[in-house]
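Start counting the sequence shown at 12; every next residue gets the next number (the numbering used here). The C-beta atom is built at its ideal place from N, Cα and C for all residues, glycine as well. Everything numeric in this text was worked out from a predicted model, so none of it was measured. Following: one structure in structure tokens, then a few remarks.
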Amino acid sequence: MYIKKILLTIVGLGLIGGGWFAYMVYNAIFSPNTRFDSDETVIYIPTDADFSDVKASLEPLLRDMGTFERIARRKGYASQVKGGKYAIRKGMGNNDIINSLRSNNIPITLSFNNQERLENLAGRVAQQIEPDSSTLLKVMKDVDFLKSKGMDEASEMVLYLPNSYEFFWNTSAQGFRDRMLKEYQRFWTEERVAKARAQGLTPSEAVTLASVVHKETAKVDERPRVAGLYLNRLRKNMRLQADPTVIYALKKLSGNFDTIIKRVLYKDLELDSPYNTYKYAGLPPGPITMPDISAIEAVLNPEKHDYLYFVVNVENFGYHKFAKTLAQHNRNKVQYIRWINSKRINR
12 MYIKKILLTI VGLGLIGGGW FAYMVYNAIF SPNTRFDSDE TVIYIPTDAD
62 FSDVKASLEP LLRDMGTFER IARRKGYASQ VKGGKYAIRK GMGNNDIINS
112 LRSNNIPITL SFNNQERLEN LAGRVAQQIE PDSSTLLKVM KDVDFLKSKG
162 MDEASEMVLY LPNSYEFFWN TSAQGFRDRM LKEYQRFWTE ERVAKARAQG
212 LTPSEAVTLA SVVHKETAKV DERPRVAGLY LNRLRKNMRL QADPTVIYAL
262 KKLSGNFDTI IKRVLYKDLE LDSPYNTYKY AGLPPGPITM PDISAIEAVL
312 NPEKHDYLYF VVNVENFGYH KFAKTLAQHN RNKVQYIRWI NSKRINR
């Protein structure tokens with residue numbers, strides 16, 4: 012009887028101890044282990060981060076780093092850290108936190124608008140994904156890559172279509188560039204290539220002309236008309252005489268693309284640059300900006316008309332007055348010159 016009591020006591024203590032152990036294990040794995048007030052917070056884990064880096068990022072967010080570390084090591088996460096953007100929700104336990112860090116890399120929406128240089132694009136993209144601007148720029152300007160795609164320094168901007176795209180934050184510089192190549196190839200369907208060909212253009216040339224159209228007018232509904240005008244000039248072997256190309260040439264010459272030039276002067280038209288379409292016939296060597304898709308579509312679907320000239324419409328700013336003859340254009344131009352002089356815009 013005495014031995015039986017001892018055995019029962021031992022069993023009872025074992026059950027209590029086991030229960031306590033199970034309780035502690037349960038708490039360590041599943042009990043809430045966050046200490047921030049918002050519903051959710053985000054951490055960014057660099058590609059080359061190790062477990063100590065993860066702990067440093069989580070330190071301000073967790074109540075008990077010790078239990079997190081123990082569970083992370085038991086689940087094998089400590090030796091398999093993955094870079095990315097991860098969300099930690101209020102009230103998460105260690106198990107859910109580790110599962111999130113292991114498999115729930117959150118995509119980001121990467122956006123960029125019209126940039127005049129790859130340098131500007133690299134800076135914009137670097138604000139949104141992990142690689143820095145110098146790394147991005149080196150990859151985007153890689154001579155062997157450009158050559159393999161039939162491109163060069165002048166046409167290097169052609170690949171980058173301003174838009175919003177879904178990326179992972181830890182996408183590499185090469186991954187970004189290659190994705191942009193795929194988006195470019197996806198955009199240029201057989202139908203669009205055929206439309207470009209019908210205008211006497213390659214896809215790269217269509218983007219180059221679209222960049223001029225984009226700079227000439229911000230009005231999307233006017234872009235097909237402007238595109239049609241420039242295509243008319245190209246067919247007649249007339250020089251484009253596009254002020255935005257001269258402005259680009261001036262910026263390129265000075266190396267200062269932050270310069271604001273509101274007025275092209277007659278002396279500027281003598282600038283010896285292949286981008287000066289007053290001096291050189293045909294299209295410039297490459298895009299003078301990254302054009303909106305609406306500008307590319309305008310080149311592919313131009314308005315059919317006989318216009319050859321246009322000038323700013325000072326009675327309806329943002330739009331232009333179009334002319335079929337030089338005499339008509341000169342009459343339209345008088346009003347614009349009078350207005351710009353009245354505003355004392357000298358540059």
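Apply the 10 Å Cβ neighbour rule to residue i and answer buried if 16 or more other Cβ atoms are within range, or exposed otherwise.
i, result
"Y34", "With a pLDDT of only 43 at Y34, under 50, the local geometry of the prediction cannot be trusted, and no value is derived from it."
"G239", "buried"
"R74", "exposed"
"Y55", "exposed"
"L276", "exposed"
"Q138", "exposed"
"M151", "buried"
"N341", "exposed"
"V154", "exposed"
"N115", "exposed"
"K149", "exposed"
So residue i is in the alpha helix (DSSP H); what residue range does that whole segment cover?
i, result
"H316", "Segment: none, H316 is in no alpha helix (DSSP H) and carries neither H nor E."
"R85", "76-85"
"V204", "201-209"
"T219", "214-227"
Tell me which same chain residues have a C-beta within less than 6 Å of the C-beta of residue i, skipping the five on either side of it?
i, result
"Q221", "According to the sequence as given, residue 221 is Ala; it is not Gln. Here the set comprises P302, A306, I307, V310."
"H316", "G239"
"G29", "Caution applies to G29, whose pLDDT of 49 falls short of 50 and renders its modelled position unreliable; the value that the coordinates give is listed next. Within the same chain, G29 has no close Cβ partners at all."
"P57", "G94"
Output the boundary residues of the beta strand (DSSP E) element that contains residue i.
i, result
"K332", "331-334"
"N179", "According to the sequence shown, residue 179 is Phe rather than Asn. Residues 174-179."
"G186", "G186 -> not in any beta strand (DSSP E); alpha helix (DSSP H) instead, spanning 184-198."
"E51", "51-56"
Have a look at the options and flag the residue whose alpha-carbon is nearest the alpha-carbon of residue i.
i, options, result
"A89", "L73, N181, D64", "D64"
"R188", "T52, F198, Y171, R203", "Y171"
"S144", "K86, E194, A184", "A184"
"Y195", "V169, R208, E216", "V169"
"N324", "I351, P173, E202, V154", "I351"
"D254", "T213, R197, Y320", "Y320"
"M191", "G211, L72, K160, E80", "K160"
"M249", "L147, A292, K273, D269", "A292"
"P71", "L282, D283, N174, R46", "R46"
Whole-angstrom Cβ separation of residue i and residue j, contact assumed at under 8 Å?
i, j, result
"K230", "N312", "Their Cβ separation, rounded to whole angstroms, is 16 Å, which puts K230 and N312 out of contact at 8 Å."
"K335", "Y318", "6 Å"
"G297", "T219", "6 Å"
"K101", "S49", "7 Å"
"T372", "N44", "No information on residue 372 is available, as it lies outside the stretch 12 to 358 that the chain covers here."
"V322", "H331", "6 Å"
Below 8 Å CB to CB, which residues in the same chain sit around residue i once its five sequence neighbours on both sides are set aside?
i, result
"V53", "K96, Y97, A98, I99, I117"
Here's a check: name, in chain order, each residue in its chain whose Cβ is nearer than 7 Å to the Cβ of residue i, leaving out the five neighbours to either side.
i, result
"T6", "The structure shown does not extend to residue 6, since the chain is modelled only from 12 to 358, so the question has no answer here."
"R234", "V224, T228, S305, A306, A309"
Examine the ligand GDP and report whether any of its heavy atoms sits within less than 7 Å of the Cβ of residue i.
i, result
"P118", "In terms of ligand content, the structure shown is empty, and the ligand GDP therefore cannot be addressed."
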